[in-house]
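K.L.:
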Amino acid sequence: MHDIRILHDLLKKQCPAIHAKRLSSLMTATRALLDGQQLSLTQLGRNITGKVAPKHNIKRMDRLLGNTQLHSERLAIYRWHAHLLCGANPMPIILVDWSDVREQTRHLTLRASVSVQGRSVVLYERVFPFAQYNSPVSHNPFLQELAAVLPQGCCPLIVTDAGYRNPWFRAVDALGWFWLGRVRGDVGFKRHDSQHWQSNKTFYPSANTKAQYLGAGLLGRKSPINCHLYLFKAAAKQCRDKRSSKAGRRHTDRRADGG
1 MHDIRILHDL LKKQCPAIHA KRLSSLMTAT RALLDGQQLS LTQLGRNITG
51 KVAPKHNIKR MDRLLGNTQL HSERLAIYRW HAHLLCGANP MPIILVDWSD
101 VREQTRHLTL RASVSVQGRS VVLYERVFPF AQYNSPVSHN PFLQELAAVL
151 PQGCCPLIVT DAGYRNPWFR AVDALGWFWL GRVRGDVGFK RHDSQHWQSN
201 KTFYPSANTK AQYLGAGLLG RKSPINCHLY LFKAAAKQCR DKRSSKAGRR
251 HTDRRADGG
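Under full-length UniProt numbering, the residue at position 114 of the sequence shown is numbered 114, and the numbers go up by one with no gaps.
1) Beta-carbon within less than 7 Å of residue 271's beta-carbon, same chain only, minus the 5 sequence neighbours each way: which residues are those?
2) Work out the CA separation of R119 and N67 for me, nearest whole Å.
3) Ignoring anything shorter than 3 residues, give me the beta strand (DSSP E) runs that lie fully in the stretch 177–238, in order along the chain.
4) Looking at the unbroken beta strand (DSSP E) that takes in F142, where does it start and where does it end?
5) Please confirm if the stretch 173–180 is in contact with the stretch 150–158, defined as three or more CB-CB distances below 8 Å between the two stretches.
6) Taking one C-beta from the stretch 128–141 and one from the stretch 96–109 each time, how about it: are there three or more such pairs within less than 8 Å?
7) Grouping DSSP H, G and I as helix and E and B as strand, with all else coil, what is L7?
8) Tell me the rounded alpha-carbon separation between D173 and N208.
9) Say yes only if the C-beta of K51 is nearer than 7 Å to one or more non-hydrogen atoms of the ligand SAM, and no if none qualify.
10) Taking Cβ to Cβ, would you say R46 is nearer than 8 Å to P54?
11) Hey, out of E145, A147, V187, P151, whose CA is closest to Y164's CA?
12) Out of H192, I225, W168, point me to the one whose CA is closest to L214's CA.
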């Protein structure tokens with residue numbers, strides 16, 4: 001395929017540390033994925049075209065996926081890709097979120113993406129065990145690796161949905177980056193010009209589709225962080241089957257209990 005050849009030549013030029021045979025196997029796996037649309041070790045091997053028996057191709061993919069050298073070189077590939085996406089933008093807006101690797105598995109992906117012409121394009125991602133979900137054990141190394149991937153001098157705005165709390169925001173702050181998050185639950189907020197803490201829920205009745213600036217202050221009583229708080233309520237989506245806003249919250253928000 002012509003596009004595979006272009007990708008091969010680009011990686012060979014931009015990531016010269018990747019061994020030629022390893023790069024060739026990586027391109028073979030990429031082509032097998034595009035042809036078969038199935039991402040598993042066995043299916044990658046079976047979808048490789050040629051005269052070689054499937055069992056030998058499966059072993060080839062097994063060696064590739066287990067190659068520790070390739071895993072150590074992945075940051076170079078992400079770095080090249082990030083330079084293409086963010087090289088001309090000193091302050092990209094990066095969306096960070098968790099997603100399931102596969103249903104019924106105990107692993108999750110933490111992914112950083114940018115929006116390109118309305119589509120989400122991955123900048124960097126890493127898989128963590130479910131026990132490390134939404135914790136500093138996964139967040140801190142992820143942010144450090146994301147910093148290593150981004151172009152030098154890049155100062156992104158990290159955007160997250162509800163669920164990320166002050167330890168995450170503080171880790172983003174430590175990198176000199178900006179952050180934007182959504183507050184969920186009962187969280188305390190104290191304006192700098194006030195001595196009294198307020199629950200974020202006290203602002204909910206006045207929320208509407210026009211953003212309101214509530215002021216600068218401290219967020220969170222136990223481990224407060226400086227921030228600017230805004231109040232906003234998105235317009236209700238017109239859906240035939242209206243579900244509770246609480247539906248699905250317990251899907252990945254529960255930690256493993258060893259069972």
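Think of the CB as a built atom: it goes at the ideal place given N, C-alpha and C, for glycine as much as any other residue. Treat the numbers as computed from the prediction; the structure is a model and nothing was measured.
P.N.:
Working from what's here:
1) This structure cannot settle anything about residue 271, because the visible part of the chain is limited to 1 through 259.
2) In the sequence shown, counting from the first residue as 1, residue 67 sits at position 67. In the sequence shown, counting from the first residue as 1, residue 119 sits at position 119. If you draw a straight line from the Cα of N67 to the Cα of R119, it comes to about 31 Å.
3) Fully contained in the stretch 177–238 are the following beta strand (DSSP E) runs of length 3 or more, in chain order: 178–180, 188–191, 212–219, 225–231.
4) Here the question's residue 142 lines up with position 142 in the sequence shown. Taken as a continuous stretch (DSSP letters only), F142 belongs to no beta strand (DSSP E), being part of the alpha helix (DSSP H) at 136–149.
5) The stretch 173–180 is in contact with the stretch 150–158.
6) The stretch 128–141 vs the stretch 96–109: in contact.
7) Position 7 of the sequence shown, counted from the start, is the residue given in the question as residue 7. Reduced to three states, the DSSP call for L7 is helix.
8) For the purposes of this step, residue 173 is taken as residue 173 along the sequence shown, with counting starting at 1. For the purposes of this step, residue 208 is taken as residue 208 along the sequence shown, with counting starting at 1. Taking the straight line joining both Cα atoms gives about 29 Å.
9) Here there are no bound small molecules, and the ligand SAM is not part of this structure.
10) Position 46 of the sequence shown, counted from the first residue, corresponds to residue 46. Position 54 of the sequence shown, counted from the first residue, corresponds to residue 54. Taking 8 Å as the Cβ cut-off, R46 and P54 qualify as a contacting pair.
11) In the sequence shown, counting from the first residue as 1, residue 164 sits at position 164. Looking from the CA of Y164, the closest CA among E145, A147, V187, P151 belongs to V187.
12) Locating residue 214 in the sequence shown gives position 214, where the first residue counts as 1. Looking at the Cα atoms, H192 is the closest of the given residues.
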